[in-house]
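First comes the structure, then the notes that go with it.
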Amino acid sequence: MSQPAHSALIDGQWQAGEGAWRAVHNPVTGEVIAQVADASAEQVAAAARAAERAFASWRHSSASERSHWLGRIADGIEAERTRLQALQQRNNGKPTFEAALDVSDAVATFRYYADLCARGEGMTARDVPLPDDSVQAELQPLPVGVVALIVPWNFPMVTTAWKLAPALAAGCTVVLKPSELTPLAEIALQDIITATGLPAGVVNLVCGAGEVGQALLAHPAIAKISFTGSNATGQRILAAAGPRLQRVSLELGGKSSLIVLDDASLAQAIELAVGGAFFNAGQMCSATSRVLVARSLWDRFIDGFVAAAQAQRHGPAAANDTTLGPLISARQRDGVLARIQNGIGRGARLLTGGQALAGEGGFAMAPTVLTDATHSPALWDEEIFGPVACLQPIDSDAEAIQIANRSDYGLVATVVGGERERARRVAAELNVGTVWLNTPQLIFPHTAWGGFKHSGLGRELGPWGLKAFQEIRHLIHAR
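Read in order, the letters of the sequence shown correspond to residues 156 to 634 in the numbering used here.
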(Lines of atoms letter the chains of each structure in order from A and count residues from 1; the text may use other names and numbers.)
(Lines give C-alpha, C1' and ligand atoms only; values in the text may rest on other atoms or scores of the structure.)
Protein backbone atom coordinates (compact mmCIF):
# COMPACT_ATOMS: atom_id res chain seq x y z
CA MET A 1 0.00 0.00 0.00
CA SER A 2 1.29 3.45 -0.91
CA GLN A 3 0.64 6.59 1.10
CA PRO A 4 1.18 9.84 -0.81
CA ALA A 5 3.12 12.31 1.28
CA HIS A 6 1.20 15.10 -0.37
CA SER A 7 -2.46 15.61 -1.18
CA ALA A 8 -2.78 19.39 -1.35
CA LEU A 9 -1.02 21.53 -3.96
CA ILE A 10 -1.13 25.15 -2.82
CA ASP A 11 0.74 27.99 -4.51
CA GLY A 12 3.08 25.57 -6.23
CA GLN A 13 3.99 23.63 -3.09
CA TRP A 14 2.83 20.17 -2.11
CA GLN A 15 1.55 19.73 1.43
CA ALA A 16 0.22 16.85 3.45
CA GLY A 17 -3.51 17.15 4.03
CA GLU A 18 -4.38 18.33 7.53
CA GLY A 19 -7.73 16.54 7.67
CA ALA A 20 -8.77 12.94 8.23
CA TRP A 21 -7.06 10.12 6.39
CA ARG A 22 -9.16 8.39 3.77
CA ALA A 23 -8.63 4.90 2.33
CA VAL A 24 -8.39 4.55 -1.46
CA HIS A 25 -9.36 1.14 -2.87
CA ASN A 26 -8.64 -0.98 -5.90
CA PRO A 27 -12.15 -1.91 -7.11
CA VAL A 28 -10.88 -5.11 -8.75
CA THR A 29 -9.70 -6.63 -5.48
CA GLY A 30 -11.22 -4.39 -2.83
CA GLU A 31 -7.79 -3.87 -1.25
CA VAL A 32 -6.69 -0.54 0.17
CA ILE A 33 -3.96 0.79 -2.14
CA ALA A 34 -3.37 4.20 -0.58
CA GLN A 35 -4.24 6.51 2.28
CA VAL A 36 -4.87 10.13 1.31
CA ALA A 37 -5.48 12.89 3.83
CA ASP A 38 -8.29 15.39 3.26
CA ALA A 39 -7.43 19.05 3.05
CA SER A 40 -8.48 21.16 6.02
CA ALA A 41 -10.75 24.19 5.73
CA GLU A 42 -7.67 26.37 6.22
CA GLN A 43 -5.88 24.65 3.35
CA VAL A 44 -8.91 25.08 1.09
CA ALA A 45 -8.93 28.79 1.88
CA ALA A 46 -5.18 28.99 1.26
CA ALA A 47 -5.60 27.32 -2.13
CA ALA A 48 -8.33 29.79 -3.12
CA ARG A 49 -6.19 32.74 -2.02
CA ALA A 50 -3.20 31.39 -3.96
CA ALA A 51 -5.33 31.13 -7.09
CA GLU A 52 -6.59 34.66 -6.52
CA ARG A 53 -3.04 36.02 -6.28
CA ALA A 54 -1.94 34.12 -9.38
CA PHE A 55 -4.94 35.39 -11.33
CA ALA A 56 -3.65 38.95 -11.16
CA SER A 57 -0.85 38.07 -13.60
CA TRP A 58 -2.15 34.94 -15.35
CA ARG A 59 -5.18 36.82 -16.68
CA HIS A 60 -2.81 39.08 -18.63
CA SER A 61 -0.82 36.24 -20.18
CA SER A 62 -1.10 36.10 -23.95
CA ALA A 63 -2.94 33.42 -25.87
CA SER A 64 0.38 32.21 -27.27
CA GLU A 65 1.82 31.88 -23.76
CA ARG A 66 -1.16 29.82 -22.65
CA SER A 67 -0.78 27.67 -25.76
CA HIS A 68 2.81 26.98 -24.73
CA TRP A 69 1.80 25.81 -21.25
CA LEU A 70 -1.10 23.69 -22.46
CA GLY A 71 1.16 22.03 -25.01
CA ARG A 72 3.73 21.28 -22.33
CA ILE A 73 1.06 19.69 -20.14
CA ALA A 74 -0.07 17.53 -23.07
CA ASP A 75 3.54 16.48 -23.68
CA GLY A 76 3.95 15.65 -20.00
CA ILE A 77 0.86 13.45 -19.95
CA GLU A 78 2.02 11.66 -23.09
CA ALA A 79 5.43 11.03 -21.56
CA GLU A 80 3.81 9.54 -18.44
CA ARG A 81 1.22 7.54 -20.38
CA THR A 82 2.23 4.16 -18.94
CA ARG A 83 2.15 5.35 -15.32
CA LEU A 84 -1.14 7.20 -15.69
CA GLN A 85 -2.78 4.26 -17.41
CA ALA A 86 -1.70 1.97 -14.59
CA LEU A 87 -3.12 4.39 -12.02
CA GLN A 88 -6.46 4.43 -13.83
CA GLN A 89 -6.51 0.66 -13.72
CA ARG A 90 -5.56 0.38 -10.06
CA ASN A 91 -7.78 3.17 -8.73
CA ASN A 92 -10.75 2.68 -11.08
CA GLY A 93 -10.48 -0.95 -12.12
CA LYS A 94 -10.62 0.09 -15.77
CA PRO A 95 -9.69 -2.55 -18.33
CA THR A 96 -6.53 -1.86 -20.32
CA PHE A 97 -8.22 -0.48 -23.42
CA GLU A 98 -10.47 1.86 -21.39
CA ALA A 99 -7.57 3.22 -19.34
CA ALA A 100 -5.57 3.82 -22.52
CA LEU A 101 -8.48 5.72 -24.05
CA ASP A 102 -8.69 7.95 -20.97
CA VAL A 103 -5.06 8.99 -21.24
CA SER A 104 -5.42 9.65 -24.96
CA ASP A 105 -8.53 11.75 -24.30
CA ALA A 106 -6.70 13.92 -21.77
CA VAL A 107 -3.79 14.47 -24.16
CA ALA A 108 -6.13 15.34 -27.03
CA THR A 109 -8.06 17.84 -24.91
CA PHE A 110 -4.98 19.77 -23.80
CA ARG A 111 -3.66 19.76 -27.38
CA TYR A 112 -6.99 21.02 -28.73
CA TYR A 113 -7.03 24.02 -26.40
CA ALA A 114 -3.33 24.66 -27.02
CA ASP A 115 -4.17 24.87 -30.71
CA LEU A 116 -7.17 27.12 -30.02
CA CYS A 117 -4.89 29.45 -28.08
CA ALA A 118 -2.24 29.37 -30.80
CA ARG A 119 -4.86 30.57 -33.27
CA GLY A 120 -6.26 33.08 -30.77
CA GLU A 121 -9.71 31.75 -31.47
CA GLY A 122 -12.26 33.17 -29.04
CA MET A 123 -9.65 34.87 -26.87
CA THR A 124 -8.64 38.04 -28.63
CA ALA A 125 -10.56 41.29 -28.96
CA ARG A 126 -12.40 41.95 -32.19
CA ASP A 127 -14.24 44.88 -33.74
CA VAL A 128 -18.02 44.94 -33.79
CA PRO A 129 -19.71 46.67 -36.77
CA LEU A 130 -22.02 49.49 -35.67
CA PRO A 131 -24.62 51.58 -37.53
CA ASP A 132 -23.04 54.79 -36.16
CA ASP A 133 -19.78 55.79 -37.86
CA SER A 134 -18.85 58.21 -35.08
CA VAL A 135 -18.06 55.44 -32.61
CA GLN A 136 -16.26 52.11 -32.57
CA ALA A 137 -17.01 49.00 -30.55
CA GLU A 138 -14.66 46.23 -29.51
CA LEU A 139 -15.69 42.87 -28.03
CA GLN A 140 -13.24 41.72 -25.34
CA PRO A 141 -13.43 38.16 -23.97
CA LEU A 142 -12.22 38.13 -20.36
CA PRO A 143 -11.48 35.31 -17.91
CA VAL A 144 -14.21 34.84 -15.35
CA GLY A 145 -11.69 34.64 -12.48
CA VAL A 146 -10.80 31.94 -9.98
CA VAL A 147 -12.73 28.76 -10.71
CA ALA A 148 -13.48 25.68 -8.63
CA LEU A 149 -13.37 22.45 -10.61
CA ILE A 150 -15.12 19.51 -8.92
CA VAL A 151 -14.73 16.26 -10.82
CA PRO A 152 -16.23 12.76 -10.43
CA TRP A 153 -14.77 9.30 -9.98
CA ASN A 154 -15.95 7.61 -13.18
CA PHE A 155 -13.56 9.40 -15.55
CA PRO A 156 -10.83 10.97 -13.41
CA MET A 157 -8.24 12.95 -15.34
CA VAL A 158 -10.50 12.95 -18.42
CA THR A 159 -13.13 15.14 -16.77
CA THR A 160 -10.34 17.19 -15.23
CA ALA A 161 -8.83 17.81 -18.66
CA TRP A 162 -12.25 18.81 -20.04
CA LYS A 163 -12.46 21.54 -17.39
CA LEU A 164 -8.86 22.47 -16.67
CA ALA A 165 -7.65 22.95 -20.25
CA PRO A 166 -10.34 25.49 -21.27
CA ALA A 167 -10.14 27.24 -17.89
CA LEU A 168 -6.41 27.83 -18.36
CA ALA A 169 -6.93 28.75 -22.00
CA ALA A 170 -9.44 31.41 -20.95
CA GLY A 171 -6.98 32.92 -18.47
CA CYS A 172 -8.60 31.59 -15.29
CA THR A 173 -6.79 30.17 -12.29
CA VAL A 174 -8.03 27.00 -10.65
CA VAL A 175 -8.65 25.06 -7.48
CA LEU A 176 -9.33 21.43 -8.38
CA LYS A 177 -11.08 18.93 -6.12
CA PRO A 178 -10.94 15.32 -7.32
CA SER A 179 -13.31 12.66 -6.07
CA GLU A 180 -12.34 11.23 -2.71
CA LEU A 181 -12.67 7.77 -4.31
CA THR A 182 -10.16 8.36 -7.13
CA PRO A 183 -7.61 11.04 -6.23
CA LEU A 184 -4.48 9.22 -7.40
CA ALA A 185 -4.61 10.09 -11.11
CA GLU A 186 -5.30 13.76 -10.33
CA ILE A 187 -2.40 13.91 -7.89
CA ALA A 188 -0.15 12.41 -10.57
CA LEU A 189 -1.50 14.91 -13.11
CA GLN A 190 -0.65 17.80 -10.80
CA ASP A 191 2.88 16.43 -10.49
CA ILE A 192 3.12 16.61 -14.27
CA ILE A 193 1.72 20.14 -14.39
CA THR A 194 4.08 21.33 -11.66
CA ALA A 195 7.03 19.84 -13.55
CA THR A 196 6.22 22.00 -16.60
CA GLY A 197 7.11 25.12 -14.62
CA LEU A 198 3.60 26.59 -14.81
CA PRO A 199 3.54 29.66 -12.54
CA ALA A 200 2.77 28.87 -8.92
CA GLY A 201 -0.84 29.23 -7.87
CA VAL A 202 -2.32 28.94 -11.35
CA VAL A 203 -3.45 25.38 -10.58
CA ASN A 204 -4.09 24.24 -7.01
CA LEU A 205 -5.47 20.95 -5.73
CA VAL A 206 -7.29 19.93 -2.57
CA CYS A 207 -8.42 16.39 -1.78
CA GLY A 208 -11.45 15.38 0.22
CA ALA A 209 -15.17 14.72 0.16
CA GLY A 210 -18.23 16.94 0.38
CA GLU A 211 -17.01 19.04 3.28
CA VAL A 212 -13.97 20.12 1.25
CA GLY A 213 -16.18 20.97 -1.70
CA GLN A 214 -18.49 23.04 0.50
CA ALA A 215 -15.57 24.98 1.95
CA LEU A 216 -14.26 25.64 -1.53
CA LEU A 217 -17.58 26.90 -2.88
CA ALA A 218 -18.08 29.19 0.12
CA HIS A 219 -14.79 31.01 -0.37
CA PRO A 220 -15.31 34.57 -1.65
CA ALA A 221 -12.47 34.26 -4.19
CA ILE A 222 -14.33 31.62 -6.20
CA ALA A 223 -16.06 33.29 -9.16
CA LYS A 224 -17.25 30.14 -10.93
CA ILE A 225 -17.98 26.51 -10.15
CA SER A 226 -17.73 23.77 -12.75
CA PHE A 227 -19.11 20.49 -11.45
CA THR A 228 -19.66 17.03 -12.92
CA GLY A 229 -21.55 14.52 -10.83
CA SER A 230 -24.94 13.62 -9.43
CA ASN A 231 -28.07 15.68 -9.82
CA ALA A 232 -28.58 15.87 -6.06
CA THR A 233 -25.15 17.42 -5.53
CA GLY A 234 -25.57 19.66 -8.57
CA GLN A 235 -28.81 21.06 -7.15
CA ARG A 236 -27.11 21.78 -3.82
CA ILE A 237 -24.28 23.57 -5.61
CA LEU A 238 -26.74 25.66 -7.61
CA ALA A 239 -28.60 26.63 -4.44
CA ALA A 240 -25.37 27.53 -2.64
CA ALA A 241 -24.18 29.67 -5.57
CA GLY A 242 -27.44 31.60 -5.74
CA PRO A 243 -26.92 34.18 -2.98
CA ARG A 244 -23.56 35.25 -4.44
CA LEU A 245 -24.62 34.81 -8.09
CA GLN A 246 -21.56 32.68 -8.74
CA ARG A 247 -21.29 31.39 -12.29
CA VAL A 248 -22.12 27.69 -12.46
CA SER A 249 -21.65 24.94 -15.04
CA LEU A 250 -23.22 21.58 -14.24
CA GLU A 251 -22.77 18.30 -16.13
CA LEU A 252 -25.19 15.96 -14.41
CA GLY A 253 -27.05 12.77 -15.06
CA GLY A 254 -28.60 11.06 -18.03
CA LYS A 255 -31.22 8.47 -18.86
CA SER A 256 -30.43 7.83 -22.46
CA SER A 257 -31.92 5.68 -25.20
CA LEU A 258 -30.47 3.63 -28.02
CA ILE A 259 -33.04 3.27 -30.79
CA VAL A 260 -32.85 0.32 -33.18
CA LEU A 261 -34.93 0.98 -36.30
CA ASP A 262 -36.42 -1.89 -38.29
CA ASP A 263 -33.90 -1.47 -41.14
CA ALA A 264 -30.85 -1.54 -38.85
CA SER A 265 -28.01 -4.00 -39.16
CA LEU A 266 -28.68 -6.43 -36.32
CA ALA A 267 -24.97 -7.09 -35.69
CA GLN A 268 -24.18 -3.38 -35.58
CA ALA A 269 -27.14 -2.65 -33.31
CA ILE A 270 -26.04 -5.29 -30.80
CA GLU A 271 -22.45 -4.08 -30.86
CA LEU A 272 -23.45 -0.46 -30.26
CA ALA A 273 -25.95 -1.41 -27.56
CA VAL A 274 -23.32 -3.41 -25.68
CA GLY A 275 -20.89 -0.51 -25.79
CA GLY A 276 -23.55 2.01 -24.80
CA ALA A 277 -24.70 0.02 -21.79
CA PHE A 278 -21.54 -1.68 -20.52
CA PHE A 279 -18.55 0.57 -21.30
CA ASN A 280 -16.91 1.61 -18.02
CA ALA A 281 -19.24 -0.92 -16.35
CA GLY A 282 -22.14 1.38 -17.21
CA GLN A 283 -20.72 4.05 -14.90
CA MET A 284 -21.19 6.96 -17.27
CA CYS A 285 -23.82 9.65 -17.60
CA SER A 286 -24.14 8.83 -21.31
CA ALA A 287 -24.99 5.15 -20.77
CA THR A 288 -27.78 4.16 -23.16
CA SER A 289 -29.49 1.93 -20.63
CA ARG A 290 -32.84 2.18 -22.43
CA VAL A 291 -32.65 0.05 -25.56
CA LEU A 292 -35.68 0.53 -27.84
CA VAL A 293 -35.87 -2.14 -30.54
CA ALA A 294 -38.15 -2.40 -33.57
CA ARG A 295 -40.54 -5.27 -32.99
CA SER A 296 -39.55 -7.00 -36.25
CA LEU A 297 -36.00 -7.38 -34.84
CA TRP A 298 -37.01 -7.93 -31.23
CA ASP A 299 -36.58 -11.69 -30.77
CA ARG A 300 -33.30 -11.88 -32.67
CA PHE A 301 -31.96 -8.78 -30.92
CA ILE A 302 -32.73 -10.19 -27.47
CA ASP A 303 -30.97 -13.44 -28.25
CA GLY A 304 -27.89 -11.70 -29.64
CA PHE A 305 -27.71 -9.01 -26.96
CA VAL A 306 -28.06 -11.43 -24.04
CA ALA A 307 -25.33 -13.62 -25.55
CA ALA A 308 -23.08 -10.57 -25.99
CA ALA A 309 -23.71 -9.48 -22.40
CA GLN A 310 -22.84 -12.92 -21.10
CA ALA A 311 -19.64 -12.87 -23.18
CA GLN A 312 -18.28 -9.80 -21.38
CA ARG A 313 -15.07 -10.85 -19.65
CA HIS A 314 -14.11 -9.93 -16.11
CA GLY A 315 -10.65 -10.26 -14.69
CA PRO A 316 -7.62 -8.26 -13.53
CA ALA A 317 -7.76 -4.74 -14.95
CA ALA A 318 -4.36 -5.19 -16.58
CA ALA A 319 -5.41 -8.33 -18.46
CA ASN A 320 -5.67 -7.69 -22.19
CA ASP A 321 -8.86 -9.77 -22.51
CA THR A 322 -10.84 -8.01 -19.75
CA THR A 323 -13.80 -6.15 -21.26
CA LEU A 324 -15.86 -5.24 -18.20
CA GLY A 325 -14.38 -3.77 -15.06
CA PRO A 326 -15.91 -3.63 -11.57
CA LEU A 327 -18.00 -0.92 -10.04
CA ILE A 328 -16.12 1.73 -8.10
CA SER A 329 -17.18 0.61 -4.62
CA ALA A 330 -19.22 -1.91 -2.68
CA ARG A 331 -21.74 0.84 -1.98
CA GLN A 332 -22.17 1.57 -5.68
CA ARG A 333 -22.49 -2.12 -6.56
CA ASP A 334 -25.01 -2.78 -3.81
CA GLY A 335 -27.06 0.24 -4.86
CA VAL A 336 -27.27 -1.03 -8.43
CA LEU A 337 -28.25 -4.51 -7.25
CA ALA A 338 -30.97 -2.97 -5.07
CA ARG A 339 -32.37 -1.13 -8.11
CA ILE A 340 -32.53 -4.40 -10.02
CA GLN A 341 -34.41 -6.14 -7.22
CA ASN A 342 -36.76 -3.18 -6.90
CA GLY A 343 -37.49 -3.39 -10.63
CA ILE A 344 -38.08 -7.13 -10.54
CA GLY A 345 -40.52 -6.56 -7.70
CA ARG A 346 -42.43 -4.18 -9.98
CA GLY A 347 -42.67 -6.66 -12.82
CA ALA A 348 -39.37 -6.33 -14.69
CA ARG A 349 -38.16 -9.61 -16.20
CA LEU A 350 -34.51 -10.56 -15.67
CA LEU A 351 -32.88 -12.16 -18.73
CA THR A 352 -29.32 -12.40 -17.43
CA GLY A 353 -27.10 -11.08 -14.66
CA GLY A 354 -28.45 -9.31 -11.62
CA GLN A 355 -25.87 -10.54 -9.14
CA ALA A 356 -22.49 -9.68 -7.70
CA LEU A 357 -19.56 -11.72 -8.99
CA ALA A 358 -17.44 -13.71 -6.61
CA GLY A 359 -13.75 -13.06 -7.01
CA GLU A 360 -10.89 -11.61 -5.03
CA GLY A 361 -13.06 -9.34 -2.90
CA GLY A 362 -13.66 -6.68 -5.52
CA PHE A 363 -16.83 -4.89 -6.57
CA ALA A 364 -17.72 -6.61 -9.85
CA MET A 365 -21.23 -7.53 -10.88
CA ALA A 366 -22.58 -9.40 -13.85
CA PRO A 367 -23.80 -7.41 -16.86
CA THR A 368 -27.55 -7.36 -16.52
CA VAL A 369 -30.35 -7.35 -19.10
CA LEU A 370 -34.02 -6.85 -18.30
CA THR A 371 -37.29 -6.36 -20.17
CA ASP A 372 -40.70 -5.08 -19.05
CA ALA A 373 -39.03 -2.46 -16.85
CA THR A 374 -41.13 0.55 -17.82
CA HIS A 375 -43.13 0.41 -14.55
CA SER A 376 -39.96 0.58 -12.44
CA PRO A 377 -38.77 4.17 -11.90
CA ALA A 378 -35.53 2.85 -10.37
CA LEU A 379 -34.66 1.17 -13.67
CA TRP A 380 -36.54 3.06 -16.36
CA ASP A 381 -36.61 6.68 -15.17
CA GLU A 382 -33.55 7.09 -12.93
CA GLU A 383 -29.87 6.92 -13.72
CA ILE A 384 -28.54 3.46 -12.81
CA PHE A 385 -24.75 3.93 -13.12
CA GLY A 386 -24.02 0.25 -13.48
CA PRO A 387 -23.89 -2.44 -16.20
CA VAL A 388 -27.65 -2.67 -16.68
CA ALA A 389 -29.67 -2.48 -19.89
CA CYS A 390 -33.46 -2.37 -20.08
CA LEU A 391 -34.90 -3.55 -23.42
CA GLN A 392 -38.28 -2.51 -24.79
CA PRO A 393 -39.92 -3.20 -28.17
CA ILE A 394 -41.24 -0.35 -30.33
CA ASP A 395 -43.78 -0.39 -33.15
CA SER A 396 -42.90 2.87 -34.91
CA ASP A 397 -40.33 5.63 -35.18
CA ALA A 398 -42.80 8.00 -33.54
CA GLU A 399 -43.17 5.70 -30.54
CA ALA A 400 -39.38 5.47 -30.17
CA ILE A 401 -39.06 9.26 -30.22
CA GLN A 402 -41.86 9.65 -27.68
CA ILE A 403 -40.35 7.12 -25.26
CA ALA A 404 -36.83 8.53 -25.61
CA ASN A 405 -38.05 12.07 -24.91
CA ARG A 406 -40.25 11.03 -22.00
CA SER A 407 -37.48 11.64 -19.48
CA ASP A 408 -36.34 14.32 -17.07
CA TYR A 409 -32.92 14.05 -18.71
CA GLY A 410 -31.64 14.99 -22.15
CA LEU A 411 -27.97 14.18 -22.49
CA VAL A 412 -27.41 11.76 -25.40
CA ALA A 413 -29.02 9.17 -27.66
CA THR A 414 -27.96 6.68 -30.30
CA VAL A 415 -29.93 5.83 -33.44
CA VAL A 416 -29.14 2.69 -35.45
CA GLY A 417 -30.77 2.41 -38.87
CA GLY A 418 -30.12 1.47 -42.47
CA GLU A 419 -31.53 4.49 -44.32
CA ARG A 420 -29.44 7.48 -43.35
CA GLU A 421 -32.04 10.19 -43.92
CA ARG A 422 -34.65 8.31 -41.94
CA ALA A 423 -32.23 7.92 -39.03
CA ARG A 424 -31.42 11.64 -39.25
CA ARG A 425 -35.14 12.49 -39.09
CA VAL A 426 -35.45 10.44 -35.90
CA ALA A 427 -32.34 12.08 -34.45
CA ALA A 428 -33.71 15.54 -35.21
CA GLU A 429 -36.68 14.90 -32.91
CA LEU A 430 -34.63 13.82 -29.88
CA ASN A 431 -34.30 16.37 -27.07
CA VAL A 432 -30.67 15.66 -26.22
CA GLY A 433 -27.30 17.36 -26.53
CA THR A 434 -25.57 14.66 -28.61
CA VAL A 435 -26.91 12.00 -30.98
CA TRP A 436 -24.76 9.25 -32.48
CA LEU A 437 -25.94 7.72 -35.75
CA ASN A 438 -24.63 4.21 -36.46
CA THR A 439 -21.47 4.91 -34.50
CA PRO A 440 -20.06 4.22 -31.03
CA GLN A 441 -20.06 6.93 -28.40
CA LEU A 442 -17.19 8.89 -29.90
CA ILE A 443 -16.35 12.13 -28.11
CA PHE A 444 -13.91 14.68 -29.51
CA PRO A 445 -12.54 17.87 -27.93
CA HIS A 446 -13.92 19.74 -30.95
CA THR A 447 -17.61 18.95 -30.23
CA ALA A 448 -19.72 20.23 -27.36
CA TRP A 449 -20.68 18.06 -24.42
CA GLY A 450 -23.73 18.68 -22.27
CA GLY A 451 -27.46 18.18 -22.27
CA PHE A 452 -30.99 19.47 -21.92
CA LYS A 453 -33.36 19.48 -18.96
CA HIS A 454 -31.97 17.85 -15.79
CA SER A 455 -28.76 16.80 -17.54
CA GLY A 456 -27.15 20.09 -16.62
CA LEU A 457 -26.35 23.69 -17.40
CA GLY A 458 -23.86 24.83 -20.03
CA ARG A 459 -21.51 22.97 -22.33
CA GLU A 460 -18.00 21.58 -22.13
CA LEU A 461 -15.43 20.99 -24.89
CA GLY A 462 -15.02 22.85 -28.17
CA PRO A 463 -15.13 26.65 -28.25
CA TRP A 464 -18.22 26.42 -26.02
CA GLY A 465 -16.08 24.95 -23.25
CA LEU A 466 -13.79 27.98 -23.51
CA LYS A 467 -16.73 30.42 -23.39
CA ALA A 468 -17.91 28.76 -20.18
CA PHE A 469 -14.89 30.31 -18.44
CA GLN A 470 -15.20 33.77 -19.98
CA GLU A 471 -17.07 36.98 -19.37
CA ILE A 472 -17.74 39.41 -22.22
CA ARG A 473 -16.99 43.12 -22.18
CA HIS A 474 -17.63 45.68 -24.93
CA LEU A 475 -15.45 48.77 -25.23
CA ILE A 476 -17.26 51.56 -27.08
CA HIS A 477 -15.33 54.71 -27.89
CA ALA A 478 -15.34 57.69 -30.21
CA ARG A 479 -13.40 57.42 -33.45
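All C-beta atoms in this analysis are idealised placements derived from N, C-alpha and C, irrespective of residue type, glycine included.
Residue i (DSSP reduced to helix, strand or coil)
| i | result |
| --- | --- |
| GLY490 | helix |
| ASN593 | coil |
| GLY598 | In the sequence as displayed, the identity of residue 598 is Ile instead of Gly. In this structure, ILE598 counts as coil in the three-state DSSP scheme. |
| HIS180 | strand |
| TRP308 | coil |
| SER259 | helix |
| ALA557 | The question names Ala, yet the displayed sequence has Gln at residue 557. Looking at GLN557 - three-state DSSP - the assignment turns out to be helix. |
| PRO548 | strand |
| LEU505 | strand |
| ALA583 | helix |
| GLN168 | strand |
| ALA636 | Beyond the ends of the chain as shown, which are 156 and 634, falls residue 636; an answer cannot be given. |
| ALA474 | coil |
| VAL163 | Looking at the sequence shown, residue 163 is not Val but Ala. Strand, per DSSP. |
| LYS249 | coil |
| ILE347 | helix |
Alpha-carbon to alpha-carbon, residue j and residue i
| i | j | result |
| --- | --- | --- |
| ALA424 | ASP458 | 13 Å |
| SER381 | GLN467 | 35 Å |
| VAL448 | PHE456 | 8 Å |
| GLU293 | ARG634 | 12 Å |
| CYS272 | GLY167 | 24 Å |
| LEU566 | VAL446 | 15 Å |
| CYS440 | ALA559 | 15 Å |
| VAL114 | THR594 | What is shown of the chain runs 156 to 634, which leaves residue 114 out entirely. |
| ALA528 | ALA432 | 15 Å |
| ARG504 | GLN295 | 58 Å |
| GLU576 | GLU426 | 22 Å |
| PRO284 | VAL290 | 10 Å |
| ALA555 | LEU585 | 10 Å |
| GLY620 | GLY502 | 43 Å |
| ASN435 | HIS629 | 45 Å |
| ALA316 | ASP287 | 43 Å |
| THR328 | ILE228 | 15 Å |
| ILE495 | ALA519 | 15 Å |
| ARG238 | VAL330 | 24 Å |
| PHE210 | GLY174 | 27 Å |
Buried versus exposed, by CB contacts within 10 Å (16 or more), residue i
| i | result |
| --- | --- |
| SER451 | exposed |
| ASN100 | The structure shown does not extend to residue 100, since the chain spans only 156 to 634, so no value can be given for it. |
| SER334 | buried |
| ARG221 | buried |
| ARG579 | exposed |
| THR523 | buried |
| ARG402 | buried |
| ALA553 | exposed |
| ASP257 | buried |
| HIS374 | buried |
| SER562 | buried |
Per DSSP, cross-strand counterpart(s) of residue i
| i | result |
| --- | --- |
| ASN359 | VAL330 |
| ARG281 | LEU294 |
| SER404 | SER381 |
| GLU615 | TRP604 |
| ALA192 | TRP176 |
| ARG628 | GLN295 |
| ALA412 | Looking at the sequence provided, one finds Ser at residue 412 rather than Ala. ARG445 and ALA568. |
| ALA303 | VAL330 and ILE380 |
| MET520 | ALA511 |
| LEU525 | LEU505 and CYS545 |
| ALA633 | VAL290 |
| VAL313 | None, per the DSSP bridge assignment. |
| VAL187 | HIS180 |
Minimum C-alpha distance to residue i - residue among the options
| i | options | result |
| --- | --- | --- |
| LYS332 | GLN243, GLN369, LEU407 and PRO296 | GLN369 |
| GLY493 | GLN596, LEU534, GLY502 and LEU566 | Correcting the residue type first, residue 493 is Ala in the shown sequence and not Gly. Considering only alpha carbons, the answer is LEU534. |
| GLY516 | ASN181, ARG177 and ILE165 | ASN181 |
| ALA454 | GLY384, GLY437 and LEU421 | Position check: residue 454 holds Asp in this sequence, whereas Ala was assumed. Of the listed residues, the one whose Cα sits closest to ASP454 is LEU421. |
| SER531 | ALA192, ILE499 and SER562 | ILE499 |
| LEU597 | ALA241, GLU186, ALA568 and GLY397 | ALA568 |
| GLY613 | ILE539, LEU405, ASN586 and ALA205 | LEU405 |
| ALA325 | TRP213, GLY611 and LEU256 | TRP213 |
| VAL183 | LEU242, GLY231 and SER444 | LEU242 |
| VAL570 | ALA419, ALA280 and HIS215 | ALA419 |
| SER411 | GLY437, GLY509 and ALA261 | GLY437 |
| PHE460 | LEU413, PRO481, GLY480 and GLN510 | LEU413 |
| SER217 | GLY277, TRP591, VAL302 and ILE165 | GLY277 |
| SER610 | VAL587, ALA511, ARG274 and GLN487 | VAL587 |
| TRP308 | ASN247, HIS469 and ALA234 | ASN247 |
| HIS645 | GLY352, ALA229, ASP193 and ALA320 | This structure cannot speak to residue 645, because the chain is shown only from 156 to 634. |
| PRO354 | LEU339, THR589 and LEU323 | LEU323 |
| LEU344 | ASP550, PRO600 and LEU164 | LEU164 |
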